[in-house]
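Report on the following structure.
Chains as they are written, first to last, in the numbering used here: chain A, 163 to 246; chain B, 163 to 246.
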C-alpha cells in the first residue's frame, strides 16, 4: 500500500470515526429532533456522489469512508423517521 | 472541466453545504454544548489529512471541500471555546 492511500485511509477513519458519537447519542437518546431531514438528505446525496467519485478515481479511502458514513446516515434517517 | 471533477465538485458542495445549518445553529444559539471537543478535534484532524490527500492526488473537489469544512470547524471550535 502506497503512502497516499495510507494517508487517505487515516483521513477516512478520523472523519468517519468522528461521526460515531453523534450517531450513538441519537441512538441512545432516541431523539433526532436537532437533525433536519433537509440536512440529512443533502448530506447523503453528497456522500453518494463522493462514492461515485471515489469509484471513478479508484480511490479506496474515498470509497470506504463514504460507504461507511452513508450507512451511518441511513441509520440516522431511520432513527429520525422512527423517533421524529 | 471533465465529468469526474464536476462530479466531485457537486459532491463537495452538498456535503460541505449540509454542514452550514449546524454551524449557523451553533452561531445563533451561542451554544455548542452538544458538540464535543474530542469529536471536533478528531474530525478536524481527518479533514486536514483529506486536504493533504487531495493535494497529493491534485483533486480540486477534495481540496476545496476539506478546506471549507475545516474553516467551518475552526469557527465551531472558536464558538465552543467562547460559549462552552
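Virtual Cβ for every residue (Gly too), placed ideally from N, Cα, C.
Among residues of its own chain, excluding the 5 on either side of residue i, which ones have a beta-carbon nearer than 7 angstroms to its beta-carbon?
i	result
residue 228 (chain B)	209, 212, 213 and 216
residue 245 (chain B)	192, 193 and 194
Alpha carbon to alpha carbon, what distance is there between residue j and residue i?
i	j	result
residue 198 (chain A)	residue 240 (chain B)	24 angstroms
residue 203 (chain B)	residue 233 (chain B)	13 angstroms
residue 207 (chain B)	residue 173 (chain A)	7 angstroms
residue 196 (chain A)	residue 168 (chain B)	32 angstroms
residue 201 (chain A)	residue 236 (chain A)	13 angstroms
Assuming residue i contacts residue j under a Cβ cut-off of 8 angstroms, what Cβ separation, rounded to an integer in Å, is found between them?
i	j	result
residue 177 (chain A)	residue 205 (chain B)	6 angstroms
Are residue i and residue j closer than 8 angstroms when you measure CB to CB?
i	j	result
residue 120 (chain A)	residue 182 (chain A)	No answer is possible for residue 120 (chain A): the residues shown for chain A start at 163 and end at 246.
residue 188 (chain A)	residue 194 (chain A)	yes
residue 243 (chain A)	residue 185 (chain A)	no
On a CA-only basis, which of the options is nearest residue i? Give me that one, please.
i	options	result
residue 164 (chain B)	A:245, A:166, A:219 and A:169	A:219
residue 166 (chain B)	A:221, A:245, A:236 and A:235	A:221
Which same chain residues end up closer than 6 angstroms to residue i when comparing Cβ atoms and leaving out the 5 residues on each side of it in sequence?
i	result
residue 226 (chain A)	174
residue 230 (chain A)	178
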